[in-house]
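Each remark here refers to the structure printed beneath this line.
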Amino acid sequence: MAKKEAKHTFEHSLGRLEKIVTALEQGDVPLEDSLKLYEEGIQLSKECMETLNTAEVKIKKLTKDLNGKISLSDFEE
Amino acid sequence: MNQEKILSVSELTRQIKGTLERSFTNIWLQGEISNFKLHTSGHLYFTVKDDQSQISAVMWRSRAAQLLFRPNDGMKVMVRGNITVYEPRGNYQLDCYQIQPLGKGELQIAFEQLKQKLFDEGLFDDVHKKPLPEYPQRIGIVTSPTGAAIRDMINVISRRYPAVEIILVPVKVQGIGAAEEIAEAIEILNVNNLVDVMIVGRGGGSLEDLWAFNEEVVARAIFLSEIPVISAVGHEIDFTISDFVSDLRAPTPSAAAELVVKDKNEVVEIIRNFCYTMINVMTNSIDSYKQTIAHLTQSYSFNKPHDMLRQRSQQVDEYQRRLEQNLIHHFKALQQQSSSLSQRMNSLNPKLALKRGYAIVKQEGKIVSSSQKIKTGVSAEIEFHNGLVDVEIIGKRS
Chain Z
3 MAKKEAKHTF EHSLGRLEKI VTALEQGDVP LEDSLKLYEE GIQLSKECME TLNTAEVKIK
63 KLTKDLNGKI SLSDFEE
Chain C
-19 MNQEKILSVS ELTRQIKGTL ERSFTNIWLQ GEISNFKLHT SGHLYFTVKD DQSQISAVMW
41 RSRAAQLLFR PNDGMKVMVR GNITVYEPRG NYQLDCYQIQ PLGKGELQIA FEQLKQKLFD
101 EGLFDDVHKK PLPEYPQRIG IVTSPTGAAI RDMINVISRR YPAVEIILVP VKVQGIGAAE
161 EIAEAIEILN VNNLVDVMIV GRGGGSLEDL WAFNEEVVAR AIFLSEIPVI SAVGHEIDFT
221 ISDFVSDLRA PTPSAAAELV VKDKNEVVEI IRNFCYTMIN VMTNSIDSYK QTIAHLTQSY
281 SFNKPHDMLR QRSQQVDEYQ RRLEQNLIHH FKALQQQSSS LSQRMNSLNP KLALKRGYAI
341 VKQEGKIVSS SQKIKTGVSA EIEFHNGLVD VEIIGKRS
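Residue numbers (the numbering used here), protein chains in the order written: chain Z, 3 to 79; chain C, -19 to 378.
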C-alpha cells in the first residue's frame, strides 16, 4: 500500500507540476504567488526526477490456491 | 438348395444396417448443407446434397459442442462420419463427427462468425474503448510465465520505464481450457483491482495456437474488464477477436510493452521542459516587472509631484526675486523719504537756530522756556551753537 501511495504521488506530482507550469504560463498569478508556485514546481520536478532515476521494475506473480485465494509472490524469470 | 427364406422387416433392416455400416465407415463426404436444424437437444440435423442427390446427416450434441463455427444452409463442407441406419424408420444417414468448411478453414469461418456476432452486439464500438492511463503504476500481464513473450515484455518495460510494478498472471495460452484461464485471469485482476492497465497476449504461433484469443469467453472477459486491456497476440499480421474487443491492439507483445509505458527519457524530457518553462516564465515575469517599474518611474504621473515641486520651487525663486526687488524699491523709497524727513527734521533742529544767533537757557539741567520759570540766585547755563556759558541770574524784569 505504501508502494501504491508513493507511485500515486508520482503521477499526482507530475500532474501538479503541469498545472503549476500552465498557471505560470498564463501569467495572471500575482508575483508573490507565482514565486511560491515556482518553488513548489522546482521541488516537484526534483522529486519526479528522483523517482524516475532510482526506480526499479518489480515483478510479481499472481497465484491462486485451491480455495481460490489469490496471492502475489516475486517472479523469478 | 436355394431355399427361399422369408425375412421379416426387422431382419432385412438389420442385414442392411450391418452391410451398410460395415461398408461405409470413416468416409469423407463433400457437399452443401441444407435444411440445417439445431435441435433443442443440442443435436444437429441437416442434409448434405449435391446437384443430383442428397443424404441425411446428424451430428450429436457431444460432437456439435466442439464445433468452432456454426454450419448453415448453403455452406459447402466436407463432413466425416459413418453411415448408420435408423431401424425404426428404415432410414440411413451420415453420423458426422467432423465438419469442415470448404475453401476457408473452419477456424476462419468460426472467427468470422464470432467477429460478426460480437460486432453486431456492439462489443467493438469505439464508445467502449477506455483510454490507457498515461503513467500506470501497476501493469498486469496475462500470458504464459514461460516463453519469449513475457521475457520480451519485462525487458522492454524495464528498459523504458522502471518506475512500475508488473503483476504477471500466469495462464495457459493454448490448448484445452486456455481460453477459460485467460478469461478468469482478466476477471481476477478486475475483481481485486490489482492493476491500472493490463496486457493480454502471447507470442506468435499458428492460427490454432492463437485460438484461445478468438474465443468468445475471452472476448467477453475483455469487454467486461473495467481495467483497460491491451491485446498483444502473435505477430503483426495476426488479428484475433481479442484485438477487436480490447481497448488497444498491439501488433506484438513487445509492442504492447512499448505502448503501455512512456520512455523514461521522454518523461525526464517533459519534466526538464517544465523546469525550463518555469524558469523562463519567472525570468520574463521579473524582467517585465522591472520594466514596468522603470516605465512607471519615468512616467509623467509618477514624476508629477517632482515636477510640481520643481515648479513651486521656481515660483518661490520668482517670488523671492520679486520680493527682493520690492524690498529694494521700498527701501529706496524709504531712504528718499527718510532723507527728506531728515532734512525737514534738520530744519526743525534747534541747534540750527542757535547758529542763527539764538541761545538756550538751562537751569538745573532743564530748558527754561519762560522768564517766569527762571529762578534768581541760582546759576544757569546758556548754550550757544558752539559752546556753553555759565551765568548768574541776578534779577528778573517782570
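Glycine residues also receive a C-beta, built at the ideal position from the N, C-alpha and C atoms.
Within chain Z, partners of residue 172(C) - CB distance below 7 Å: Position 192 of the second sequence, counted from the first residue, corresponds to residue 172(C). Ordered by position in chain Z, the residues that pass the 7 Å Cβ test against residue 172(C) are 72.
Report buried or exposed for residue 312(C), applying the criterion of at least 16 other Cβ atoms within 10 angstroms of its Cβ. By one-based count along the second sequence, residue 312(C) stands at place 332. Under a 10 Å Cβ-count criterion, residue 312(C) is classified as exposed, with fewer than 16 other Cβ atoms of the shown protein chains found around its own Cβ.
Residue-chain proximity (residue 111(C), chain Z), Cβ-Cβ < 8 Å: Locating residue 111(C) in the second sequence gives position 131, where the first residue counts as 1. Chain Z contact via Cβ: absent.
For a cutoff of 8 Å on Cβ pairs, would you count residue 193(C) as touching chain Z? Residue numbering aside, residue 193(C) sits at position 213 when the second sequence is read from its first letter. No - not a single Cβ of chain Z is within 8 Å of the one on residue 193(C).
Short Cβ contact (8 Å threshold) for residue 137(C) with residue 119(C): Here residue 137(C) refers to the residue found at position 157 of the second sequence. Here residue 119(C) refers to the residue found at position 139 of the second sequence. Contact flag set, yes.
For residue 65(Z) and residue 173(C), what's the separation of their Cα atoms in angstroms? Working through the first sequence from its first residue, we reach residue 65(Z) at position 63. Working through the second sequence from its first residue, we reach residue 173(C) at position 193. Taking C-alpha positions only, residue 65(Z) is separated from residue 173(C) by approximately 15 Å.
For the beta strand (DSSP E) containing residue 370(C), name the first residue and the last one. Position 390 of the second sequence, counted from the start, is the residue given in the question as residue 370(C). Run containing residue 370(C): 367 to 372, per the beta strand (DSSP E) assignment.
Per-residue DSSP class, three states only, for residue 39(C): The residue you call residue 39(C) lines up with position 59 of the second sequence. In this structure, residue 39(C) counts as strand in the three-state DSSP scheme.
Interface flag, residue 68(Z) vs chain C, CB-CB below 8 Å: Taking the first residue of the first sequence as position 1, residue 68(Z) is located at position 66. Cβ-Cβ to chain C under 8 Å: no for residue 68(Z).
Taking only beta-carbon positions, decide if residue 52(Z) is within less than 8 Å of chain C. For this step, residue 52(Z) is matched to residue 50 along the first sequence. Cβ-Cβ to chain C under 8 Å: no for residue 52(Z).
Host alpha helix (DSSP H) of residue 198(C) (start-end): Working through the second sequence from its first residue, we reach residue 198(C) at position 218. Here the alpha helix (DSSP H) through residue 198(C) covers 196 to 204.
Just to confirm my understanding: we take residue 333(C), look at its own chain, exclude 5 residues before and 5 after, and list those with CB closer than 7 Å. What are they? Walking along the second sequence from the start, residue 333(C) turns up at place 353. There are no such residues.
Quick one, are the C-beta atoms of residue 112(C) and residue 228(C) less than 8 Å apart? Counting from one through the second sequence, the residue named residue 112(C) turns up at place 132. Counting from one through the second sequence, the residue named residue 228(C) turns up at place 248. Yes; because the gap between Cβ atoms is below 8 Å, this pair is in contact.
Interface residues of chain C facing residue 38(Z) [CB-CB closer than 7 Å]: Here residue 38(Z) refers to the residue found at position 36 of the first sequence. Chain C residues near residue 38(Z): none, gap ~11 Å exceeds 7 Å.
Do you know how far the Cα of residue 329(C) is from the Cα of residue 371(C)? Position 391 of the second sequence holds residue 371(C). Position 349 of the second sequence holds residue 329(C). In a straight line, the C-alpha of residue 371(C) is about 24 Å away from that of residue 329(C).
Of all Cβ atoms in chain C, is any one closer than 8 Å to the Cβ of residue 13(Z)? For this step, residue 13(Z) is matched to residue 11 along the first sequence. Taking Cβ atoms only, chain C reaches closer than 8 Å to residue 13(Z), which makes this a yes.
Using the Cβ count rule (16 or more neighbours within 10 Å means buried), how would you classify residue 70(Z)? Residue 70(Z) sits at position 68 when you count from the first residue of the first sequence. Exposed, by the Cβ-count rule.
Please confirm if residue 34(Z) has its CB atom under 8 Å from at least one CB of chain C. Counting from one through the first sequence, the residue named residue 34(Z) turns up at place 32. Taking Cβ atoms only, chain C never reaches closer than 8 Å to residue 34(Z), which makes this a no.
The segment 230 to 241 of chain C: positions lying closer than 7 Å to chain Z by Cβ: So nothing in the stretch comes that close.
Sequence-distant residues of its chain with Cβ nearer than 7 Å to residue -15(C) (five each side left out): Position 5 of the second sequence, counting from 1, holds the residue named residue -15(C). So no residue of the chain qualifies.
Where residue 75(C) sits in the DSSP three-state scheme: Taking the first residue of the second sequence as 1, we reach residue 75(C) at position 95. In the three-state reduction of the DSSP assignment, residue 75(C) falls in the strand class, which pools E and B.
Would you kindly work out how many angstroms separate the C-alpha atoms of residue 107(C) and residue 101(C), rounded to a whole number? To locate residue 107(C), count along the second sequence from 1; it is residue 127. To locate residue 101(C), count along the second sequence from 1; it is residue 121. Each residue's CA atom was taken as its position, placing residue 107(C) and residue 101(C) some 13 Å apart.
Measure from the C-beta of residue 75(Z) to each C-beta in chain C and report whether the shortest distance is under 8 Å. For the purposes of this step, residue 75(Z) is taken as residue 73 along the first sequence, with counting starting at 1. So no, residue 75(Z) is outside the interface.
Under 8 Å by Cβ, that's how I've got residue 39(Z) and residue 269(C) pegged, so tell me the actual separation to the nearest angstrom. The residue you call residue 39(Z) lines up with position 37 of the first sequence. The residue you call residue 269(C) lines up with position 289 of the second sequence. In fact, because the Cβ distance is near 16 Å, the residues do not count as touching under 8 Å.
Which residues mark the beginning and the end of the alpha helix (DSSP H) in which residue 88(C) is found? Here residue 88(C) refers to the residue found at position 108 when the second sequence is read from its first residue. Where residue 88(C) is concerned, the enclosing alpha helix (DSSP H) stretches over 86 to 101.
Look at the alpha carbon of residue 301(C) and the alpha carbon of residue 322(C), and state the distance between them as a whole number of angstroms. The residue given as residue 301(C) occupies position 321 in the second sequence. The residue given as residue 322(C) occupies position 342 in the second sequence. Going by the C-alpha atoms only, they are around 30 Å apart.
Who are residue 160(C)'s beta bridge partners in DSSP? Sequence index remark: in the second sequence, residue 160(C) carries index 180 (1-based). Residue 160(C) is bridged by DSSP to nothing; it lacks a bridge partner.
Consider the Cβ of residue 6(Z): report whether some Cβ of chain C lies at a distance smaller than 8 Å. Reading the first sequence from its first residue, position 4 is the one you call residue 6(Z). Reliability of the predicted coordinates at residue 6(Z) is poor, the pLDDT of 42 falling under 50, and the value obtained from them is presented with this limitation in mind. Closer than 8 Å to some Cβ of chain C, the Cβ of residue 6(Z) qualifies, so yes.
Residue 232(C) beta carbon less than 8 Å from that of residue 216(C): Along the second sequence, one-based indexing puts residue 216(C) at 236. Along the second sequence, one-based indexing puts residue 232(C) at 252. Yes, they are a contact pair.
Excluding the 5 residues preceding and the 5 following residue 400(C) in the sequence, name in chain order all residues of the same chain whose CB lies nearer than 8 Å to its CB. With chain C represented from -19 up to 378, any question about residue 400(C) goes unanswered, as that position is not in the structure.
If residue 373(C) sits next to residue 355(C), beta carbons under 8 Å apart, how far is it from one beta carbon to the other, in whole angstroms? Here the question's residue 373(C) lines up with position 393 in the second sequence. Here the question's residue 355(C) lines up with position 375 in the second sequence. With a Cβ gap of about 7 Å, residue 373(C) and residue 355(C) count as contacting.
DSSP bridge partner residues for residue 81(C) (one or two, in chain order): Along the second sequence, one-based indexing puts residue 81(C) at 101. In DSSP, residue 81(C) forms a bridge with 57(C).
Taking the alpha-carbon of residue 141(C) as reference, which of 72(Z), 78(Z) and 59(Z) has the nearest alpha-carbon? Start at 1 with the first residue of the second sequence, and residue 141(C) comes out as number 161. When the alpha-carbon of residue 141(C) is set against those of 72(Z), 78(Z) and 59(Z), the nearest one is in 59(Z).
Residue 122(C), enclosing beta strand (DSSP E) - first and last residue: Looking up residue 122(C) in the second sequence gives position 142. 118 to 123 is the extent of the beta strand (DSSP E) around residue 122(C).
Using only the alpha-carbon positions, how far apart do residue 10(Z) and residue 195(C) sit? Taking the first sequence and counting its residues from 1, the one referred to as residue 10(Z) is at position 8. Taking the second sequence and counting its residues from 1, the one referred to as residue 195(C) is at position 215. With a pLDDT of only 47 at residue 10(Z), under the threshold of 50, the placement of this residue in the model should not be trusted, and no figure is reported.
Please list the partners that residue 62(Z) has in chain C, where partner means a Cβ-to-Cβ separation under 8 Å. In the first sequence, residue 62(Z) corresponds to position 60, counting from 1. Within 8 Å Cβ-Cβ: 145, 146, 147 and 148.
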